[in-house]
Amino acid sequence: CILAHEYGHFLNRDTAGGATAMRVDIAMQRFAQSITNRRQIRWWHIAFHFLRFYYRIFSRITFGASRLQEILADRVAVKAYGAASFEEGLRHVVRRSLEFDYWMNKGISKILQTQQPSLSFGPVNARPSLSALDQIEYMLVEIINRPTDESDTHPSSIDRFTYTKKMDQGKAAMKQGMVWQLFKSKSKIYDELSKGLAEMLNDEAAYADALNKMDIAFLNSQSAVYAREAEIYEERARLQLICGAYQQALDDYEIAIKCAPKKDSAYYGKAVVLKASEDYQQAAEALKAAMDQFPDSASFGTYFLLGECYQNIEEYAEAEIAFTEAIKKEETAFCAWMARGRVLHQSGKYNEAIQDFSKALELFPESPDAFFDRAMAYIKLNQLDNARKDLEQSISKNASYADAHRELACLLLGESNDLNPDLAQQAVKYARIANASPIKQEESLSVLATTYTAVKDYPSASKAIKQLMPLLTGSTRSEWGEELSRIQALSNQGEPRGKLQKSL
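Quick note: the sequence shown uses our numbering, first residue 39, plus one each step.
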């Protein structure tokens, strides 16, 4: 349905000029940020007022035209698929755009910290961090339900849901799956997108790095004049952390502590730097020391950070205690319930983990991650019906959730037998969707090959294994090589496709 909306833009011939308008918008924003960072702007400066006036006129005209274009494109999609399908698709796009922003920001941060340009773009893990998930869930609710503002390039989601119900309704069935499935060979388009996004990341990172270093230079001059001002060193430490200069950041926090030993922020700042440098043991010790010295300052964020440190060094009992304290500080924090649930799962306390994931779902019933994590706990307890329902819910909330598709394929394959041959065919469907994602290709191809073998589609199984082999090493590669030989032998025997192997 959303692809139909995008097709509507081409059908209406309204895509011309968008790139130019975006470049003008970015240039004006950078101009404003640059003159601000020079600290030379005055309220009476003519360039400042010209920029304000021009930007206001520019934005009102372009944003208004953009909103109209979106409405016309919505009409094309709704006429084909109906308002209900449009709403489902738009909710999915809003969530994915928030996740994309997360990965872009993470990519920029990595470039700044390593001071090395990125050669390609691509998330190493399909699931954002828990603190990011917390923000994503809150922002999703806020974005979906807020009214349209004159500064919006698109009508608000809630307004679009309202007016699309009044349009001519189509009834075409909407297919679920990943856009990658539309491409015969996804590697070429993925590499092209990855390269283009990497160039964008490098440009944004270079610009941010220049601003940060300009601010650091200014703070250097300030520290020479105000040598005892702790705030100067704390701010410089924060910027050094962003730039990946961890030792310089720690040195600045030490100076800040000497300047203001009764101020707690620098003590906690040290812990943040240590965690960022992946020295989790030292970070936990720094946090505990700060909490002992300033017992009234321990906040939700403090306990959550402490829990993450303990979790990373696999001290799950301590992590559980820390996350429990975080929940006491803020009972409506989605990320805290999820974090403690995962720690309980890692500790083998699956029933308690399910309770925490259920609480997270009470806070955000649309969270695909909470459904997925609860399903994993149900699988550990062999409550497969509940696990299947949760995996299906996870997919319904995020149709691009490759992990959920892959796990559901495994679950269905495990339940399949001669009495339920359709389950194996369903497993193939979910395995193919999971494999359409460029993420975790080794796991997805393994599951796909196994499902094809189960339904005796030996040519497809052989193809999947051949794609898998270059990703493997050692004994695993040898085992799959033997499996490939076995499947090729079975394929040469001409056995019929679609039946289950009795061994499964």
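Backbone N, C-alpha and C define an ideal beta-carbon position, used for all residues, glycine too. Just so we're clear, the structure is a prediction, and the values are computed from it rather than from any experiment.
With burial defined as no fewer than 16 other Cβ atoms inside 10 Å of the residue's Cβ, what is the status of residue i: buried or exposed?
i, result
"S189", "exposed"
"N473", "buried"
"V217", "exposed"
"A210", "exposed"
"N530", "exposed"
"Q285", "exposed"
"N436", "buried"
"I365", "buried"
"E272", "buried"
"L220", "exposed"
"G120", "buried"
"L325", "buried"
"L106", "exposed"
"A283", "buried"
"D229", "exposed"
"A248", "exposed"
"R51", "exposed"
Do you know offhand how far residue i's Cα is from residue j's?
i, j, result
"D206", "V485", "42 Å"
"S158", "I146", "12 Å"
"L510", "P497", "20 Å"
"V263", "E323", "34 Å"
"N402", "G102", "One detail in the question is off: residue 402 reads as Phe in this sequence, not Asn. Near 33 Å, if we compare the C-alpha coordinates of G102 and F402."
"L343", "E175", "19 Å"
"K204", "T100", "26 Å"
"E125", "E520", "48 Å"
"A398", "Y318", "26 Å"
"L457", "L382", "36 Å"
"E108", "G208", "18 Å"
"E353", "E242", "38 Å"
"K296", "S385", "41 Å"
"F138", "L41", "18 Å"
"S104", "A246", "28 Å"
"T191", "G127", "19 Å"
"G307", "I149", "21 Å"
"A265", "A298", "12 Å"
"T514", "Q67", "52 Å"
"A255", "Q421", "59 Å"
"F199", "R470", "31 Å"
"L49", "S156", "36 Å"
"Q153", "D253", "17 Å"
"R113", "W141", "31 Å"
"Y45", "I227", "19 Å"
"A65", "I95", "15 Å"
"D330", "I351", "21 Å"
"L136", "R276", "25 Å"
"E400", "A355", "25 Å"
"K504", "Q479", "13 Å"
"S541", "L506", "Residue placement at S541 cannot be trusted, given a pLDDT of 35 that sits under 50; what the coordinates show is reported in the next sentence. Spanning the two alpha carbons is a distance of roughly 23 Å."
"T362", "K300", "28 Å"
"I196", "R184", "7 Å"
Check the C-beta distance from residue i over to residue j and give it rounded, since I have them as a contact under 8 Å.
i, j, result
"K367", "F338", "4 Å"
"Y348", "A357", "4 Å"
"N250", "I280", "6 Å"
"E430", "L451", "Actually they are not in contact, since the Cβ atoms of E430 and L451 sit about 15 Å apart, beyond 8 Å."
"Q260", "I270", "5 Å"
"E481", "R524", "21 Å between Cβ atoms; not a contact."
Are the CB atoms of residue i and residue j nearer to each other than 8 Å?
i, j, result
"D172", "A425", "no"
"C2", "A115", "Nothing about residue 2 can be read from this structure; the chain reaches only from 39 to 542."
"S194", "T202", "no"
"Y305", "A328", "yes"
"P476", "K224", "yes"
"C373", "S169", "yes"
"A462", "T488", "no"
"L178", "R134", "no"
"A413", "D423", "no"
"A391", "G379", "yes"
"L483", "A499", "no"
"A314", "G345", "no"
"S454", "A492", "yes"
"V311", "Y291", "yes"
"A440", "F410", "no"
"R165", "D460", "no"
Would you say residue i touches the ligand PLP, meaning its beta carbon is less than 7 Å from a heavy atom?
i, result
"S385", "In terms of ligand content, the structure shown is empty, and the ligand PLP therefore cannot be addressed."
- Item | Inside the stretch 388-420 only - alpha helix (DSSP H) runs reaching at least 4 residues | 388-401, 406-418
- Which ranges does the alpha helix (DSSP H) cover as unbroken runs of at least 4 residues, wholly within the stretch 215-260, from first to last along the chain? none
- Return the chain-ordered ranges of every alpha helix (DSSP H) run that is complete within the stretch 307-362 and spans a minimum of 4 residues. 318-331, 338-350
- Taking only runs of the alpha helix (DSSP H) that begin and end inside the stretch 145-197, which ones reach a length of at least 4 residues, in chain order? 168-183
- Complete runs of the alpha helix (DSSP H) confined to the stretch 273-301 [at least 4 residues]: 284-297
- Message: As an exercise, report each continuous alpha helix (DSSP H) stretch of at least 4 residues that is fully enclosed by the stretch 465-542, in chain order.
- Response: Runs of the alpha helix (DSSP H) lying entirely within the stretch 465-542 and spanning at least 4 residues, in chain order: 479-492, 496-506, 512-530.
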